[in-house]
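Numbering (our numbering) for the sequence shown: 11 to 257.
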Amino acid sequence: MTTESSGINKAAGPRHIAIVMDGNGRWAKKRFLPRFFGHKAGVDSLVKVVQACIDREVEYLTVFAFSSENWKRPSDEVSGLMGLVLAAVSRYLAKMGQMGVRIRIVGDRDAVSPKLRNAWNEAESATAHNTKLTMSVAFNYGGRWDIVQACKAAMDAGVPSTELTEARLSEFMAMSYAPDPDLFIRTGGEVRISNFMLWQVAYTEFVFSDCLWPEFGDKQLDAAIAAFRDRDRRFGGVKEAPALADG
Ligand code: IPE
Ligand code: IPE
Ligand code: MG
Numbered sequence: 011m012t013t014e015s016s017g018i019n020k021a022a023g024p025r026h027i028a029i030v031m032d033g034n035g036r037w038a039k040k041r042f043l044p045r046f047f048g049h050k051a052g053v054d055s056l057v058k059v060v061q062a063c064i065d066r067e068v069e070y071l072t073v074f075a076f077s078s079e080n081w082k083r084p085s086d087e088v089s090g091l092m093g094l095v096l097a098a099v100s101r102y103l104a105k106m107g108q109m110g111v112r113i114r115i116v117g118d119r120d121a122v123s124p125k126l127r128n129a130w131n132e133a134e135s136a137t138a139h140n141t142k143l144t145m146s147v148a149f150n151y152g153g154r155w156d157i158v159q160a161c162k163a164a165m166d167a168g169v170p171s172t173e174l175t176e177a178r179l180s181e182f183m184a185m186s187y188a189p190d191p192d193l194f195i196r197t198g199g200e201v202r203i204s205n206f207m208l209w210q211v212a213y214t215e216f217v218f219s220d221c222l223w224p225e226f227g228d229k230q231l232d233a234a235i236a237a238f239r240d241r242d243r244r245f246g247g248v249k250e251a252p253a254l255a256d257g
């Protein structure tokens, strides 16, 4: 098996994949199960995708786990999700550490329970030294929240408006430690961003999949990566025509 056919081609990227893990509720509904079971299956799917990203030498994986707007859901679903996240941290933290995953949480931590905040802090500090893959979990996160918190942080740091450039503001964004995503994947069939990484996706390639998140696996990931590699990224420039051979 060549490295190309195994899907590993680090130079071709993507270095950073961002995923909106959508469709858990519909997955459960199809099986006549409460939505909670869809979220539970979604956690299992995430663990598999983390391994698949490591196998493909992806450096950064950012997943949307709970949006700033998801508080609008029924309170039993919200509390079920919070409990599930706590359980997932205690169940998978050691495994993630062994896999070489560095965990980062992005989002507004003020609104989550102290218990969950502590779990996030523990997950981050226990994995801080890992280098295989940086997995950022966007939780109580919104792209607009991020832009506003970055502006506030820049003002608090005393950055004068005359010095506020795109690069300077980027330093205050929640994910300033990561390059912008190369590939954005949304499962579940909806074709929208839903307030995910608004600032960072300026030149990201988008792939939308009808696959429901609990059913997303290696095959769908490889299809998204193949679609990404087929794209012609120009970043606003012009693609050079291949040089003609002399004679
Ligand atoms: C995504 O799945 C997970 C979260 C938003 C937490 P959904 O719960 O949105 O699933 P659908 O879109 O209702 O199927
Ligand atoms: C986006 O999915 C948020 C997450 C996957 C965490 P939603 O299901 O909340 O998005 P909408 O409401 O369909 O736009
Ligand atoms: Mg949804």
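Every residue, glycine too, gets a C-beta built ideally from N, C-alpha and C.
None of the values given here were measured: they were computed from a predicted structure.
Extent of the continuous beta strand (DSSP E) run through residue i
i	result
Val116	111 to 116
Thr72	70 to 77
Glu215	215 to 218
Residue i - containing alpha helix (DSSP H), residue span
i	result
Met165	153 to 166
Phe238	228 to 240
His26	His26 -> not in any alpha helix (DSSP H); beta strand (DSSP E) instead, spanning 26 to 30.
Arg196	From DSSP, Arg196 is part of no alpha helix (DSSP H) but of the beta strand (DSSP E) over 193 to 196.
Phe46	45 to 65
Pro124	124 to 137
Asn34	34 to 40
Ala177	176 to 180
Of the residues the options, the one placed nearest residue i, counting alpha carbons only
i	options	result
Asn205	Gly199, Val68, Leu179, Val30	Val30
Glu181	Thr197, Gly199, Trp209, Arg196	Trp209
Asp156	Val169, Arg119, Ala237	Arg119
Ala97	Val217, Leu126, Tyr187, Trp37	Leu126
Phe245	Ala237, Glu215, Arg239	Glu215
Pro189	Thr72, Phe42, Ala38	Thr72
Ala212	Arg243, Ala121, Tyr187, Glu200	Arg243
Ser123	Leu43, Asp240, Met185, Ser89	Ser89
Val147	Leu43, Phe74, Pro252, Gly23	Phe74
Leu94	Val158, Val59, Asp54	Asp54
Tyr187	Leu193, Val158, Val59, Met145	Met145
Gln61	Pro84, Pro252, Gly107	Gly107
Glu69	Leu193, Leu91, Ala253	Leu193
Leu231	Gly52, Val59, Leu43	Val59
Anticipated Cβ contact below 8 Å, residue i with residue j, distance rounded
i	j	result
Pro191	His26	5 Å
Val111	Lys142	6 Å
Glu67	Ile18	6 Å
Ala133	Gln159	Between Gln159 and Ala133 the Cβ distance is about 21 Å, and since that is not below 8 Å, they are no contact.
Contacts around residue i, its chain only, beta-carbon distance under 7 Å, and the 5 residues preceding and following it disregarded
i	result
Val57	Tyr102
Val169	Arg178
Leu91	His49, Phe76
Ala21	none
Ala129	Leu96, Val99
Leu174	Ala164
Close-in-space but distant-in-sequence residues of the same chain around residue i (CB under 6 Å, 5 per side omitted)
i	result
Thr35	Just to set this straight, residue 35 is Gly in the shown sequence, not Thr. The residues are Arg45, Gly48.
Val248	none
Thr197	Asp32, Gly33, Ser219, Cys221, Trp223, Phe226
Ala237	Val217
Ala38	Arg45, Phe47, Gly48
Ala234	Ile195, Val217
Tyr151	Val116, Gly117
Ala121	Asn150
Gly199	Asp220
Asp228	Ala62
Ala167	none
Neighbourhood of residue i by C-beta distance below 8 Å, restricted to the same chain and skipping five residues each side
i	result
Ile64	Met109, Gly110, Val111, Lys142, Leu143
Gly23	Asp192, Leu193, Phe238, Arg239
Arg41	Phe47
*Looking at C-beta atoms only, is the number of pairs between the region 200 to 216 and the region 70 to 88 that lie closer than 8 Å three or more?*
yes
*Is the number of C-beta pairs between the region 155 to 164 and the region 120 to 138 that are closer than 8 Å three or more?*
no
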